[in-house]
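Quick notes on the structure that follows.
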Amino acid sequence: MLTVYNCIVNEHDLKLVALAALICGISCFTAVNLLRHVVQSTSRNRYAWLLIAAASTGFGIWATHFIAMIAFTPGIPNAYNAELSVASLAVSVLLTAAGIWIATVRGGIDHYLVGGAVLGIGIAAMHYTGMAAFEVEGRIVWNRLLVAASLVSGISLAALSLFIVLRRPSTLAT
Numbered sequence: 000m001l002t003v004y005n006c007i008v009n010e011h012d013l014k015l016v017a018l019a020a021l022i023c024g025i026s027c028f029t030a031v032n033l034l035r036h037v038v039q040s041t042s043r044n045r046y047a048w049l050l051i052a053a054a055s056t057g058f059g060i061w062a063t064h065f066i067a068m069i070a071f072t073p074g075i076p077n078a079y080n081a082e083l084s085v086a087s088l089a090v091s092v093l094l095t096a097a098g099i100w101i102a103t104v105r106g107g108i109d110h111y112l113v114g115g116a117v118l119g120i121g122i123a124a125m126h127y128t129g130m131a132a133f134e135v136e137g138r139i140v141w142n143r144l145l146v147a148a149s150l151v152s153g154i155s156l157a158a159l160s161l162f163i164v165l166r167r168p169s170t171l172a173t
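For the sequence shown, counting from 1, position 79 maps to 78 in numbering that gives the first Met the number 0; every step adds exactly one.
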């Protein structure tokens, strides 16, 4: 745990980390409000609201991650692969759309959980695609146990979050 703390404090621009956190908070608030429109709209307008929610949420997820990555200053020359960075954005938006669609097309606990899991898979895919875009001289070695733990916890928490937000209409009230 001390290693993570030291990495954040000593190898990150904390102003950019704060900006990423602010974008994350605004994106979460916006996502919940846009989900209200998806759920409450007629079938004619539902897909438009779904696309707006997916784009806004997907871009917010990606922006949070990318700004946090830019905040990282490892002390060695580094760069970002443009194609993989754009691919991580596309993955974020597309899988967010799929997750929201699954969760809202019929509703119900099972759809909320599966849609949330797809959203979590999208966040994980965006994260690891974005991390693959990070280029340094040398080799990045992944701890498989930590990667697995991040996948299980991230997907589970995304499923739980979408379930909590969608199961009670009062959660989506303005």
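Heads up, the beta-carbon is just placed ideally off N, CA and C, and yes, glycines get one too.
Per-residue burial, residue i [other beta carbons within 10 Å of its own, 16 or more giving buried]
i	result
Ser152	exposed
Thr41	exposed
Val92	buried
Arg35	buried
Thr103	buried
Gly74	exposed
Thr2	exposed
Extent of the continuous beta strand (DSSP E) to which residue i belongs
i	result
Glu134	133 to 135
Whole-angstrom distance between residue j and residue i, CA atom to CA atom
i	j	result
Ala123	Gly106	24 Å
Ser26	Val140	31 Å
Trp100	Val37	9 Å
Val135	Met68	13 Å
Phe58	Ile66	12 Å
Leu156	Ala116	8 Å
Phe162	Gly137	42 Å
Ala70	Asn142	22 Å
Leu144	Asn44	43 Å
Ile22	Pro76	27 Å
Ser79	Ala131	This sequence places Tyr at residue 79; Ser is not what is there. Roughly 9 Å between the two C-alpha positions.
Leu83	Thr128	6 Å
Cys6	Tyr46	42 Å
Arg166	Val113	13 Å
Residue i, DSSP secondary structure in three states
i	result
Asn77	strand
Arg143	helix
Arg105	coil
Arg138	coil
Arg179	Only positions 0 to 173 of the chain appear in this structure, which leaves residue 179 out of reach.
Cross-strand partners of residue i (DSSP beta bridge)
i	result
His110	The partner list for His110 (beta bridge, DSSP) is empty, contrary to what the question assumes.
Phe71	His11
Extent of the continuous alpha helix (DSSP H) run through residue i
i	result
Arg35	13 to 39
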